[in-house]
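Structure, as structure tokens:
2 protein chains.
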Amino acid sequence: MTTTASPSDGASGTDGRTGPGTNSGSGPEPTETLELSRRRLLGTVGAAGAAGLVVGAAGGAIGVAAAQDDPPAALSSVGSASVAFRDERAKQQAGITTPLQARGHLVAFDLAPGAGRKEAAALLRRWSRTAEELMAGRTPAADTGVALDAGPSSLTVTFGLGRTFFDRTGLTAHRPVQLEPLPDFSADELDAGRSNGDLWLQIGSDDALVAFHALRALQKEAGGTARLRWQMNGFNRTPGATAAPMTARNLMGQVDGTNNPKPADPDFDERIFVGRDAGSGPYAWMRGGSYAVVRRIRMLLDDWEKQPLAKQEKVIGRRKADGAPLTGGDEHTKMDLEKNGPDGLPVVPADAHARIAAPESNQGAAMLRRPFSFHDGFRDDGAPDAGLLFVCWQADPLRSFIPIQRKLDRGDALSPFLRHEASGLFAVPPAAVAGGYVGQPLLEG
Amino acid sequence: MTTTASPSDGASGTDGRTGPGTNSGSGPEPTETLELSRRRLLGTVGAAGAAGLVVGAAGGAIGVAAAQDDPPAALSSVGSASVAFRDERAKQQAGITTPLQARGHLVAFDLAPGAGRKEAAALLRRWSRTAEELMAGRTPAADTGVALDAGPSSLTVTFGLGRTFFDRTGLTAHRPVQLEPLPDFSADELDAGRSNGDLWLQIGSDDALVAFHALRALQKEAGGTARLRWQMNGFNRTPGATAAPMTARNLMGQVDGTNNPKPADPDFDERIFVGRDAGSGPYAWMRGGSYAVVRRIRMLLDDWEKQPLAKQEKVIGRRKADGAPLTGGDEHTKMDLEKNGPDGLPVVPADAHARIAAPESNQGAAMLRRPFSFHDGFRDDGAPDAGLLFVCWQADPLRSFIPIQRKLDRGDALSPFLRHEASGLFAVPPAAVAGGYVGQPLLEG
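Given below as structure tokens:
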């Protein structure tokens, strides 16, 4: 299994996105209620090519328009970058190894009373079709127009299934043990209304209107089958705000994600994606899928920002400026957990966040963290309602998130500055096959 | 008075922002708690030059770093673009004629009990200094680090004064009649707790972390002098999401802002900025300033999206796809308000939004609309809590916003789809002079 969301034509950049000029033609445009502007057509050329559509009759006309147009404006690659909904090589859904986007929505739905397996299957089929269209930069019929003129802007839509989904659809025999409820942690202050849910969607895009547009389109398609349970909005750095792509900072100012597993790691796939051990039995539908743990983690920023820099760095175990371990080097230097300072104490304190979460401290357990920051204004006490929409990916939460979070819960120096306010655990099936939909092997198996 | 926020060195682009490579030197860097990374230095070179600082001893060192570095990554102009806090030519604050940024915060503060004119003056001095530093891409001492690595990303901070500010500071003799409370409109459903306030800040940036960082830094400086009253978060399109810069779309999908006054219009300054008629009397401190009307306008999107496209276009008076008037042409073609269709009725209906709001329908009254969209999740009834953070700028709201909104309130076909939920009216003084602060002529006059 490959580990990037690169399109199958090999024309993408190293970051799994495609930009303008990577196509050699274009597929037919679907009938649209709104007239396509010339700009819009240009914006979708690369996307249609990247999605691997058959070159159709419309390709010629679009090519003429492109040839006559002015050179593309600077930065247009932000809008025209697209991520493939399905990928010949990578079997996982988009939005897991895709680079962080600037804007994200996490949304959970519950199946409506009376909706069962058949209705859920129809919904996932509708959703998959629409996600594929939108991610390729195409506009559905009867569209709201909110995303017109913009390209797909690296839009991804990722679908997950919660524990209760299997009860509602009569599929409990196919529910993996990994969906057992997460244990309680002492620092949890969970809001049940903003936790879990039958169905989960992660929407990401580098443009906020494109993300909003996708959310509305997908919500509309839920129709009478599923109703919104909760929704959270997040953000990351805008492409180009730093001089070169780099590990993101969170709202505490920390470089966050340095020690993430890398797709080039030899054990990346087995850590992040469900492998052969899914077998051919009742859980075979999850082969190539992953499990997402979602936590709304509010940061007590007023408290945190009162700590001196040296204290903050001891809490984390890394330097704030560049994320380097306190034991020296740069951001990507391996942390020396054995090193002691002149005082005989470990340079990276025993309760430092980075020590406790390190794979070396957890029998190699690791998860791919891919969060968004959130900021929903201020609370009644004047403190910011802000923090991290923590999303992590793993082949088995029983061997990664749960044991690591147990350790953090007991001894992490960072814990006093965090509140876990909502939680979700979702099985994220592999990508749909051509002509199919996400979850089809489960629902039609 | 000039009408753009261009820096005084003339090196900016036509949009009032500066990018990399426009400087010929750099000012001294302030002492920083966090180590500056090389990348960070590069990001601030353009900014420091654009802010018109004196070339200092540090310039050489930074120049060497720049020369040794790899070529800048694509898109780095997003981060390094900066807007001047003060401008030798334009006398107004930044954030009025500055192009829309991708992310925005609107924030109101009330002076704390016991805080009067002296404390307000000290706060505006602190705020002005910090705004200037941050807009130039410099990091304050004891910084949170949230914006590290990013450039200023077109950050602007704009300061306004509400009606109650003058009572609290004993300056009612200097309060212009333009700050009289706005009249009630029939469609208002205003939340007093999210309306008005003594002090108002508009923060905009193309990067969400840079905007958040500025908000936190400014809030911290309010200290015991002022406490947060309300805060709203908004967004616009990400730079580069469209192939070329264009008029923004709102969450209804409409191209919104086509008929805005343009800086090149001969009467732009007199419509938007307070001019000579401020005289030398008690209101002279507002000469070169502007008035901001702020409205949180929720859109009833579920209702709106049920309307057929033809109905939506009649409500607005423009085509949805490209914003062209229903009377033909393209987006910037003048609307023919006299044209009748084959049925003998006006092509642009009598109650169309664009007709009622047009300057031709309002004795030439016009305002510069510069909004952000908002999306704060969903309401209890499942409808999106989303719409427009409407911000409009004018020399005199008594001659622009108020009469136009009265007309819209009576007869606008769009009104049934909108709810005005919060409202603010603020006097926005001219820019600070060198070494001074925003509002100084009022507070020390």
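Chain order of the listed sequences is G and Y.
According to the UniProt record's numbering, the first sequence holds residues 1 to 445 in order.
According to the UniProt record's numbering, the second sequence holds residues 1 to 445 in order.
Quick reminder that beta carbons are idealized off the backbone N, C-alpha and C, glycines included.
Sub-8 Å separation of residue i and residue j beta-carbons
i                 : j                 : result
LEU326 of chain G : GLY317 of chain G : yes
VAL294 of chain G : PHE390 of chain G : yes
ALA115 of chain G : LEU209 of chain G : no
LEU442 of chain G : TRP200 of chain G : no
ARG216 of chain Y : ASP110 of chain Y : no
ARG298 of chain G : GLY387 of chain G : yes
ASP330 of chain Y : ASP322 of chain Y : yes
THR225 of chain Y : ASP206 of chain G : no
PHE85 of chain Y  : MET135 of chain Y : yes
ALA214 of chain Y : VAL157 of chain Y : yes
GLY145 of chain G : GLY79 of chain G  : no
LEU418 of chain Y : ALA173 of chain Y : no
HIS353 of chain G : VAL315 of chain G : yes
VAL255 of chain Y : THR242 of chain Y : no
GLU421 of chain G : ARG296 of chain G : yes
GLN202 of chain G : ALA431 of chain G : no
TYR291 of chain G : PRO397 of chain G : yes
ALA427 of chain G : PRO261 of chain G : no
GLY197 of chain Y : GLY170 of chain Y : no
Simplified DSSP assignment, three categories, for residue i
i                 : result
SER400 of chain Y : coil
MET335 of chain Y : coil
TRP285 of chain G : helix
VAL255 of chain G : strand
PRO349 of chain G : coil
GLU444 of chain Y : coil
ALA83 of chain G  : In the sequence as displayed, the identity of residue 83 of chain G is Val instead of Ala. Three-state DSSP puts VAL83 of chain G in coil, outside helix and strand.
ASP409 of chain Y : helix
ARG355 of chain Y : helix
ALA434 of chain Y : coil
GLY439 of chain Y : coil
Reference residue i, options the options, closest by Cα
i                      : options                                   : result
PHE159 of chain Y      : Y:ALA90, Y:GLY364, Y:GLY223 and Y:VAL438  : Y:VAL438
TRP377 of chain G      : Y:ASN233, Y:LEU155 and Y:HIS213           : A quick correction: the sequence has Gly, not Trp, at residue 377 of chain G. Among Y:ASN233, Y:LEU155 and Y:HIS213, the Cα nearest to that of GLY377 of chain G belongs to Y:ASN233.
ALA395 of chain G      : G:GLY288, G:VAL433 and G:HIS375           : G:GLY288
ARG117 of chain Y      : Y:PRO342, Y:MET246 and Y:PHE165           : Y:PHE165
GLU444 of chain G      : G:SER77, G:ARG125, G:THR98 and G:GLN254   : G:ARG125
PHE235 of chain Y      : Y:ALA90, Y:ALA434, Y:SER82 and Y:ALA102   : Y:ALA102
HIS105 of chain Y      : Y:GLN219, Y:LEU123 and Y:ASP380           : Y:GLN219
GLY382 of chain G      : G:SER415, G:GLY279 and G:ASP302           : G:ASP302
residue 478 of chain Y : Y:LYS306, Y:ARG399 and Y:ALA121           : Look at the range of chain Y in this structure, 1 to 445, and you will see that residue 478 of chain Y is not part of it.
GLN231 of chain G      : G:GLY424, G:PRO113 and G:ALA431           : G:GLY424
GLY193 of chain G      : G:LEU161, G:PRO346, G:VAL107 and G:TRP393 : G:VAL107
residue 447 of chain G : G:GLY137, G:SER82 and G:SER361            : Outside the displayed range of chain G (1 to 445) lies residue 447 of chain G, so it cannot be described from this structure.
ARG229 of chain G      : G:ASP191, G:ASN259, G:SER154 and G:ALA244 : G:ASP191
LYS306 of chain G      : G:MET252, G:ILE404 and G:LEU171           : G:MET252
ALA324 of chain Y      : Y:ASN259, Y:ARG410 and Y:GLY95            : Y:ASN259
GLU221 of chain G      : G:TRP127, G:GLY204 and G:GLY257           : G:TRP127
GLU132 of chain Y      : Y:VAL83, Y:ASP167, Y:THR333 and Y:THR98   : Y:VAL83
residue 477 of chain Y : Y:ARG271, Y:LEU182, Y:GLN178 and Y:TRP304 : The shown model of chain Y, from 1 to 445, leaves out residue 477 of chain Y, and the question about it has no answer.
GLY204 of chain Y      : Y:ALA122, Y:ARG129, Y:ALA278 and Y:LEU100 : Y:LEU100
Opening and closing residue of the beta strand (DSSP E) in which residue i lies
i                 : result
ARG370 of chain Y : Per DSSP, ARG370 of chain Y belongs to no beta strand (DSSP E) and is neither H nor E.
GLN363 of chain Y : No beta strand (DSSP E) holds GLN363 of chain Y; DSSP gives it neither H nor E.
VAL391 of chain G : 384 to 394
Run of the alpha helix (DSSP H) containing residue i, from where it starts to where it stops
i                      : result
ALA427 of chain Y      : It is not in any alpha helix (DSSP H) - ALA427 of chain Y instead sits in the beta strand (DSSP E) that spans 418 to 428.
LEU345 of chain Y      : Counting along the chain, LEU345 of chain Y falls outside any alpha helix (DSSP H), and DSSP gives it neither H nor E.
residue 449 of chain G : Chain G is shown from 1 up to 445; residue 449 of chain G falls before or after that span and cannot be answered.
Per-residue contacts from residue i into chain A (C-beta, under 7 Å)
i                 : result
HIS375 of chain G : Among the chains of the structure shown, chain A does not appear; the protein chains present are G and Y.
Heavy atom of the ligand MG within 7 Å of residue i beta-carbon
i                 : result
ALA248 of chain Y : Because no ligand of any kind appears in the structure shown, any question about the ligand MG cannot be addressed here.
In chain order, which beta strand (DSSP E) runs of at least 3 residues are fully inside the UniProt domain "Dyp-type peroxidase N-terminal" (93 to 236) of chain Y? 103 to 111, 156 to 162, 199 to 205 and 226 to 235
Contiguous beta strand (DSSP E) assignments of at least 3 residues, all confined to the region 288 to 315 of chain Y: 290 to 299
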